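Quick mapping for you: the protein sequence lines, in order, are chains G and Z. For the first sequence, the positions run 286 to 680 when the numbering used here is used. For the second sequence, the positions run 286 to 680 when the numbering used here is used. Glycine included, every Cβ here is placed at the ideal spot set by N, Cα and C. Keep in mind that this is a model prediction, so the values were computed, not measured. Single-structure report; data block below.
Number of protein chains: 2
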Amino acid sequence: MKELIVKNENKILLIVLDGLGGLPINGKTELETAKTPNLDELTRKSELGLTISVDYGITPGSGPGHLAIFGYDPLEIKIGRGVLEALGLGLRLEENTLAIRGNFATFKDGKIISRRAGRISSEENRRLCEKLRREIKYIKDYEIEFHSGIEHRFVVLIKGKDLSEEIKETDPQKDGLPPYLPEPLSEEGKKTSEILKILIERGREVLKEEKEANYFLLRGYSKVPKVENFCEKYQLKSLAIATYPMYKGIASLIGMDVVKSSLNSWEEEIEELKRNYQSYDFFYLHFKEIDTAGEDGDFEKKVLLIEKFDSLLPEILKLNFSVIAITSDHSTPALLKSHSWHPSPFLLYSPFSRNNEKVKFCEKNCQKGSLGVFKAQKILPLLLAYSLRLKKFGA
Amino acid sequence: MKELIVKNENKILLIVLDGLGGLPINGKTELETAKTPNLDELTRKSELGLTISVDYGITPGSGPGHLAIFGYDPLEIKIGRGVLEALGLGLRLEENTLAIRGNFATFKDGKIISRRAGRISSEENRRLCEKLRREIKYIKDYEIEFHSGIEHRFVVLIKGKDLSEEIKETDPQKDGLPPYLPEPLSEEGKKTSEILKILIERGREVLKEEKEANYFLLRGYSKVPKVENFCEKYQLKSLAIATYPMYKGIASLIGMDVVKSSLNSWEEEIEELKRNYQSYDFFYLHFKEIDTAGEDGDFEKKVLLIEKFDSLLPEILKLNFSVIAITSDHSTPALLKSHSWHPSPFLLYSPFSRNNEKVKFCEKNCQKGSLGVFKAQKILPLLLAYSLRLKKFGA
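Set out below in structure tokens:
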């Protein structure tokens with residue numbers, strides 16, 4: 286496809302309303318329930334469809350969901366748990382870094398008696414990581430970093446050459462069992478295994494006076510995946526605007542510029558969009574809270590947030606984008622209180638759109654839409670086409 | 286699939302209304318605007334869908350568009366520019382032939398000062414090709430042919446063994462630059478490169494007295510792709526009926542019989558269809574002008590041509606085909622004045638159709654149709670199925 290791409294000035298906006306798709310409660314989904322006059326007006330000038338991020342029946346995590354939306358094969362490129370946790374903490378990862386998800390735990394008589402150290406507080410977590418940081422800076426030539434997460438969760442970064450993901454996770458997955466050792470799972474993992482064994486021993490030494498968190502478990506060993514740069518792949522100078530570190534992290538991982546300043550509301554995100562409008566070709570605008578409401582099972586709140594987005598839409602439309610897509614990386618029905626496998630509603634506004642019926646933007650109308658049910662990986666090719674950036678294929 | 290095919294007497298007609306799909310102007314597409322009572326009546330007894338020839342967002346050229354309709358993967362089988370030009374001139378290509386697209390050009394002081402020799406007339410072109418033909422018949426053991434096209438365009442055929450497409454195009458793509466030499470792009474291209482260098486030198490010698498067309502540029506080096514024979518692949522004795530040489534050429538390339546006499550109107554094409562009805566299983570009937578109207582941005586003319594087709598339809602229906610499909614190889618919206626990536630309307634008439642609603646044949650109803658949005662490569666399997674030529678798969 287790369288050979289077909291031409292450059293032009295047309296600006297593209299991809300809005301991800303995280304977890305948008307829903308399921309009916311009392312006969313209507315969240316989108317069907319919400320009053321969305323502005324979205325409905327836009328829908329009239331848009332192509333509709335439903336997107337599948339990974340495959341039929343597969344519930345995508347945020348990593349695979351976003352990779353698919355950005356045109357990558359989420360089965361090919363894996364963002365490991367450690368990397369995802371690190372991105373979620375806003376850490377920048379480089380090539381020679383192994384990221385590991387850590388849990389503080391309670392160890393007694395050779396066994397893990399609490400895999401979460403009794404769910405210690407985040408404050409306690411910060412104290413413990415600070416202590417570890419002070420005492421463990423290097424193992425052999427490898428730089429070691431500890432970064433606090435929420436409650437018992439933290440991230441270890443190991444920096445140096447030839448690190449491997451091929452290591453056994455140490456979490457026994459059940460209280461009352463001994464922890465595993467970080468044994469190598471292949472020849473390649475041997476060196477990393479040695480470092481991790483030392484890390485665990487030195488960690489025990491540092492934490493030996495702690496009552497609850499006197500041990501830690503390691504899992505999700507992962508390095509930054511090798512990904513084709515998004516801006517080169519699509520020949521688009523691209524900016525990501527998001528409030529949550531994880532989404533900034535994923536965008537940064539694939540090579541987008543990311544608004545660095547900390548944004549605290551949708552309004553602030555839209556201000557950033559305006560400020561940067563002239564400087565980029567492509568904008569990824571992520572709105573998180575709709576997903577959170579879904580995860581909380583709060584149908585009403587999800588409806589209100591969709592309505593809030595609708596009220597902000599005119600401000601976005603003023604900017605005169607050539608192409609606007611609105612979709613989500615996965616559905617999060619309040620009914621399920623979790624991500625789900627249901628395809629995501631997808632809207633593509635463009636002057637070259639076939640649709641001109643009076644319809645509401647909702648799952649049902651999307652499923653009848655001109656784009657049908659299709660793979661989220663096709664979104665970027667479509668955005669290029671509708672922004673007139675793709676030459677004819679073949680004569 | 287081949288193992289499932291059974292033979293029978295049911296006759297299949299595939300009508301390609303080139304460039305049929307459109308976009309709305311003042312709220313309606315060309316198809317939606319056209320009054321098509323006969324098509325609408327047929328639609329009532331047909332399955333509807335939208336077809337994608339290459340992929341989401343990809344605008345197909347005529348070559349890939351038709352390959353897809355005929356059930357071939359257009360990403361796998363490429364019809365090069367030279368071959369397509371040759372087919373467009375009605376030339377028959379054999380296996381050991383390299384087809385090249387030529388442009389007459391003006392060369393001065395080491396540079397190309399006009400890449401189109403000031404757009405010389407087609408008549409002038411014929412005189413020049415005749416001159417070249419007289420002087421250059423062979424280079425080494427290779428037979429050389431020159432065939433005039435329109436204005437500055439012509440086709441060179443080189444016939445002989447081990448010819449290669451791996452050659453640098455000589456067109457500098459901009460006036461005022463020196464032409465490139467046809468250097469080999471790989472080891473494989475060496476021999477062909479030598480022949481082409483001699484061809485260019487001898488051409489300069491022949492054309493040296495010409496004021497404008499004293500040079501030619503070469504590009505689109507291509508050989509006939511190896512393609513599984515259509516009639517064998519589907520076990521259908523097949524006939525192509527078209528007015529334009531390019532479409533006859535593509536059909537001939539995949540092994541269909543082609544009506545050889547020059548046809549000058551849709552009415553003449555339909556006469557051919559009647560004449561050959563008893564002798565074939567499968568008919569590919571190509572109507573070109575709807576695409577041309579789209580390319581010209583002439584919405585009204587496109588509408589009138591669709592209405593003209595509608596008025597001819599009853600004549601076709603009299604023939605009692607078991608299965609009739611009506612579609613296009615790509616959309617050509619008057620709004621865009623070019624081929625586009627929008628899926629093509631698709632209608633499949635058969636007594637074994639699920640649809641029986643009163644609907645108009647248009648993009649919107651197709652998108653809601655029983656076949657959904659699907660790959661054009663699936664058209665032939667569908668035609669086989671609806672003509673009861675496919676056995677059950679598995680027990």
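Every unbroken stretch of the beta strand (DSSP E) spanning 3 or more residues and falling wholly within the region 531-584 of chain G is given here in chain order: 567-572. By the rule that beta-carbons nearer than 9 Å mark a contact, G:V509 does not touch chain Z. Assignment of G:N640 by DSSP, reduced to helix, strand and coil, places it in the coil class. When rounded, the separation of the alpha-carbon atoms in Z:D456 and Z:D325 is 49 Å. Around Z:I364, the beta-carbon contacts reaching into chain G at under 8 Å are G679, A680.
Going by C-alpha positions, Z:I290 is about 52 Å away from Z:K459.
About 6 Å separates the CB atoms of Z:I385 and Z:G505; that is less than 8 Å, so the two are in contact. At a cut-off of 9 Å between beta-carbon atoms, Z:T612 makes no contact with chain G. Z:I424 is not a Cβ neighbour of Z:R366, given a cutoff of 9 Å. Closest in C-alpha terms to G:L521, from the list G:Y565, G:E552, G:L492, comes G:Y565. At a cut-off of 9 Å, the C-beta of Z:Q652 has a neighbouring C-beta in chain G.
If only complete runs of 3 or more residues are kept, the region 603-643 of chain G shows the beta strand (DSSP E) at 608-612, 629-634, in order along the chain. Under the three-state reduction of DSSP, G:F515 is assigned to helix. By the Cβ neighbour-count rule, G:G395 is exposed, with fewer than 16 other Cβ atoms within 10 Å of its own.
Comparing C-alpha distances from G:P628 to each of G:N388, G:G304, G:L372, G:S596 shows the shortest one belongs to G:G304. Listed along chain G are S638, R639, N640, N641, each with a C-beta nearer than 9 Å to that of Z:P309. Of the candidates G:C516, G:S655, G:I555, G:C516 places its Cα closest to the Cα of G:S537. The Cβ neighbour count for Z:P630, taken over all protein chains shown within 10 Å, is at least 16; the residue is labelled buried. In this structure, G:N293 places its C-beta atom within 9 Å of the C-beta atom of G:S672. Z:D595 is not a Cβ neighbour of Z:A619, given a cutoff of 9 Å. Using a CB distance cut-off of 9 Å, Z:E648 counts as an interface residue toward chain G. Of the residues assessed, Z:E497 falls on the buried side of the cut-off, its CB having 16 or more other CB atoms within 10 angstroms. CA-to-CA, the gap between Z:P309 and Z:H615 works out to about 16 Å.
Contact annotation: Z:F439 and Z:N388 have beta-carbon atoms nearer than 9 Å.
In the three-state scheme derived from DSSP, where H, G and I count as helix and E and B as strand, G:N388 is classed as strand. Assigned with DSSP and collapsed to three states, Z:E315 falls in helix. DSSP, reduced to helix, strand and coil, places G:Y341 outside both helices and strands of the structure shown, so it counts as coil. If you draw a 10 Å sphere on the C-beta of Z:L333, you find 16 or more other C-beta atoms in it, and that means buried. Close CB contacts of G:Y532 within its chain, under the 6 Å cut and outside five residues either way in sequence, are with H571 (chain order).
Judged by pairs of C-beta atoms under 8 Å, the region 426-444 of chain G touches the region 397-405 of chain G, as three or more such pairs exist. Note that the C-beta distance between Z:L675 and Z:F567 is not below 9 Å. Using a Cβ-Cβ cut-off of 9 Å, Z:L667 does not count as an interface residue toward chain G, since no Cβ of chain G sits closer than that to its own. Z:S638 places its beta carbon less than 9 Å from that of Z:K330.
Under DSSP, G:K475 shares a beta bridge with no residue. With respect to the 9 Å criterion, G:L369 and G:S433 are not classified as neighbours on the basis of their beta carbons.
A distance of 9 Å or more separates the beta carbons of Z:F606 and Z:T328.
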